[in-house]
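If you're matching positions, the sequence shown starts at 158 in this note's numbering and goes up one per residue.
One structure is given here, and the rest of the page talks about it.
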Amino acid sequence: MHFAATAHGTLHYDIVDQVAPWSETRLPILFHHGIGASAWIWAGWRPALTDAYRLVTFDMRGYGRSNIPAEDFRWSLDLLVDDLFAVADAAGLSRFHLVGESIGGTVAMAAVLSRPARIATLTVSNGAHLGASIQRADAWRRQLDEGGSKGWSDAFLRDRFHDGALSPERLAWFATEQEKWSRASILNALGVLIGADLTPRLADIRCPTLLLHPDGSPFIPVGVIADLLKGLPDAELNIFGRSRHGLPFSHAVQCAQALRSFLDSRRAD
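Here's what the structure looks like:
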């Protein structure tokens, strides 16, 4: 088990390294999941990537085997950016490709702005640069107050996946993991997301950027991502049909193939 030290507890991370020793060395990929999700959502991405890339995933603060802060702990976007680099440093990633989904995508954009020399390419899945654009988030506190983490998760699952998008086994697993999130972690992380506005600095994100977005996210309309695309100097956008906010899990194979094609075409390493 691997843990990265921070000023506020440790963060659990995993490394998948199946690259043959005779293969060409490429930069590793670091993945950041979002609120309610788990590092295991990236498992379906591995087959398209592990022949050429070392992969690092971690439990973001507030979830799983990473630090679970007290209710009154002060969360911030800077804190989550520092967490990301703490994991990168612990895993020995001096320069790397970065992938983030939902709030992980927002953190990833902020990380590029914070330390651009460390990040070769950026991939944002179902994430936004402007937290105030997130729709339906106001309902989360009511859902948590009325039904606890399970009531919130049951409602969130409908926002994540179309009926029949997942097998019963995968849906049940996702629901179980999502219900493990505490009310405080959900709302405190959400507060960071809602307060984020990277709009004035988008032009400073100069690394090649891949945007992966669902056509039916209840939180982030396609128009918001179109605005993000316009603001980035070097970006391309893939919209996935019949998908919702759980895109990187429901469409893991397609997303991973898009990332592999993007990395192969850009070859920033």
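Glycine included, every Cβ here is placed at the ideal spot set by N, Cα and C.
- One alpha carbon belongs to Arg211, the other to Arg203, and they sit about 10 Å apart.
- Under the three-state reduction of DSSP, Ala353 is assigned to coil, being neither helix nor strand.
- Taking C-beta atoms as the reference points, Ser339 and Ile225 count as a pair closer than 8 Å.
- Under DSSP, Val173 takes part in a beta bridge, and its partners are Leu212.
- Boundaries of the alpha helix (DSSP H) around Pro405: Leu404 to Ser407.
- The distance from the Cβ of Ile343 to that of Trp309 is about 7 Å, consistent with a contact at the 8 Å cut-off.
- Relative to the Cα of His408, the nearest Cα in the group Leu420, Arg317 and Asp240 belongs to Arg317.
- Each of Ile291, Phe253, Thr182 and Phe376 was checked against the Cα of Pro273, and the nearest Cα belongs to Phe253.
- When DSSP reads this structure, His159 sits in a beta bridge with Tyr170.
- The beta-carbon separation of Leu255 and Leu187, rounded to 5 Å, stays under the 8 Å limit for a contact.
- Separation of Thr278 and Ile382 (C-alpha to C-alpha, rounded to the nearest whole angstrom) is 18 Å.
- Annotation for Leu279: the continuous beta strand (DSSP E) segment containing it runs Ile276 to Ser282.
- Note: Ile186 is bridge-paired with Leu212 and His254 in the DSSP secondary-structure output.
- Beta-carbon to beta-carbon, Val269 and Cys364 are separated by about 6 Å, close enough to satisfy the 8 Å threshold.
- CA-to-CA, the gap between Phe215 and Ala248 works out to about 10 Å.
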